[in-house]
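One structure is given here, and the rest of the page talks about it.
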Amino acid sequence: MWKWFHQLASPPHFYRISLILAPWLGISGLILVAYGTWQGLFVVPMDYQQGDAFRIIYVHVPSAYLSMMAYMIMATSGAIGLIWRIKLSHAVAAAAAPIGAGFTFLALCTGSIWGRPMWGTWWEWGDPRMMSELILLFLYFGYMALRSSIDDTTKADKASAVLALVGIVNVVIVHFSVEWWSSLHQGQTVFKKGTMDADMRIPLFIMLIGFTLLFGSMLLRRIRTEVLYRERRTRWVREMILSPGGGA
Amino acid sequence: MDSLSMGGYGAYVWSCYGLTFVIVVFLNWRGRLRQKRIYREIEVRLKALEDRE
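Structural data, given as structure tokens:
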């Protein structure tokens, strides 16, 4: 098991594996998202309180969940890079940031659009869930800005890993904000028993899995790019690029 | 027509799905673009080095 992890942490080995894995994750993710979207939009019955507006849940929940998951991947990889000095883990952290920022922006926008007909407002500045999710977006921006402002990759890796670790506090706040404070946002529903009918819940799980697979595919591609850039002066990159088939 | 109007919530529902599509395509496109750019840069540098050698 450890041997396998050590092998995976080797940049050339990871590059080859991700080259095979990313398209499969992407294709299976696309199929699941297409099926889940069709179910969510046209098959699932409408909610008795929210009407058809509730169908936004099928894109809002996966994007909100990915916004937090990407951050946890980014912070955990940064910590692994700091503690064990594994080069690949900093590449994972750097690759996760823009995707996480994209899904956080999406979660904020879809939440705001959903809030307009349900709460009568696009945005509520005092709401803990909305504000903590907005802070999460700023943390992503701060992380990317810090990384690009430092020319030395090793220094940039260390500084951004520390920032990512500090920001974990906000992810915990995003998750529990609806339980700790009174919020316009509804409480936990997806994983709570009796809150959603199976007809509505199953397509949501399909969307969650589909979005996760798509995220995985995008992440692998970006990690590959990071690895390529960081290892650009190594022999294996030289051999791979100058070989007849290339390696992209 | 019913699925388009979504019981009066059509604008909200469809704009959310449209935005999701745009963001996912954009993230994927940006990732591919950066990969191609980095790959090309390294390729050009290596070919120049090879020619010099």
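These protein sequence lines are chains U and F, in that order.
Under the numbering used here, residues 929 to 1176 are what the first sequence spells out, in order.
Under the numbering used here, residues 124 to 176 are what the second sequence spells out, in order.
C-beta atoms are modelled at their ideal positions from N, C-alpha and C, and glycine is treated no differently.
Query: I'd like the list of long-range same chain contacts for GLY1095(U), defined as Cβ closer than 6 Å, with 5 residues on each side in sequence excluded.; Result: LEU1067
Query: Under DSSP, the alpha helix (DSSP H) around MET1000(U) begins and ends at which residues?; Result: 985 to 1012
Query: Anyone know if the C-beta pair for LEU169(F) and GLY1030(U) falls short of 8 Å?; Result: no
Query: Runs of 4 residues minimum, wholly inside the region 1021 to 1107 of chain U: which ones carry the alpha helix (DSSP H) assignment?; Result: 1056 to 1077 and 1081 to 1094
Query: Round the Cβ separation of LEU1170(U) and GLU173(F) to the nearest angstrom and send it over; I've been treating them as touching at under 8 Å.; Result: 7 Å
Query: Residues in the region 1034 to 1046 of chain U with C-beta within 8 Å of chain F's C-beta atoms, listed in sequence order?; Result: LEU1034, CYS1037, THR1038, ILE1041, TRP1042, ARG1044 and PRO1045
Query: In the DSSP output, what is GLY979(U) paired with across the bridge?; Result: ASP975(U)
Query: Counting only beta-carbon atoms, is VAL148(F) nearer than 8 Å to chain U?; Result: no
Query: Spell out whether any CB of chain U is found under 8 Å from the CB atom of LEU127(F).; Result: no
Query: ALA962(U) CB to nearest chain F CB: under 8 Å?; Result: no
Query: Hey, VAL949(U) and PHE1139(U) are a contact pair by Cβ (cut 8 Å); roughly how many whole angstroms apart?; Result: It should be noted that the sequence gives Leu, not Val, for residue 949(U). About 17 Å separates the two Cβ atoms, so there is no contact after all.
Query: Within the same chain, show all residues whose beta-carbon is closer than 7 Å to that of ILE1078(U), passing over the 5 residues directly before and after it, in chain order.; Result: ALA1084 and ALA1087
Query: Is the region 1103 to 1112 of chain U touching the region 1046 to 1062 of chain U, taking contact as three or more C-beta pairs under 8 Å?; Result: yes
Query: Is there at least one Cβ from chain F nearer than 8 Å to LEU1064(U)'s Cβ?; Result: no
Query: Once you ignore the five residues that flank SER1111(U) on each side, which residues in its own chain have a CB closer than 7 Å to its CB?; Result: ASP1055, PRO1056, ARG1057 and SER1105
Query: Between which two residues does the alpha helix (DSSP H) holding ALA950(U) run?; Result: 939 to 966
Query: At a Cβ threshold of 8 Å, is GLU166(F) touching chain U?; Result: yes
Query: Note down the Cα distance separating THR1123(U) from THR1117(U), rounded to an integer number of angstroms.; Result: 6 Å
Query: Relative to the alpha-carbon of LEU1148(U), which residue among LEU947(U), TRP1047(U) and ILE985(U) has its alpha-carbon at the smallest distance?; Result: LEU947(U)
Query: Anything in chain U within Cβ reach of GLU173(F), meaning under 8 Å, just list it in chain order.; Result: LEU1170
Query: Is PHE942(U) close to chain F? Criterion is C-beta to C-beta, closer than 8 Å.; Result: no
Query: With contact counted as at least three CB pairs below 8 Å, one residue from each stretch, are the region 951 to 960 of chain U and the region 1150 to 1166 of chain U in contact?; Result: no
Query: What does TYR1068(U) touch in chain F if you count any residue whose Cβ is under 9 Å from its own?; Result: Within 9 Å Cβ-Cβ: nothing; TYR1068(U) doesn't reach chain F, min ~13 Å.
Query: Please state if the CB of GLY964(U) and the CB of ALA998(U) are separated by a distance shorter than 8 Å.; Result: no
Query: Establish whether the CB of THR965(U) and some CB of chain F are separated by less than 8 Å.; Result: yes
Query: Report the rounded CA-to-CA distance for ILE1130(U) versus LEU969(U), giving the unit in angstroms.; Result: 13 Å
Query: From what residue to what residue does the alpha helix (DSSP H) around LEU969(U) run?; Result: Run containing LEU969(U): none; DSSP gives neither H nor E here.
Query: So what's GLU1167(U) in DSSP terms, helix, strand or just coil?; Result: helix
Query: Let me know the secondary structure DSSP gives VAL167(F) once reduced to three states.; Result: helix
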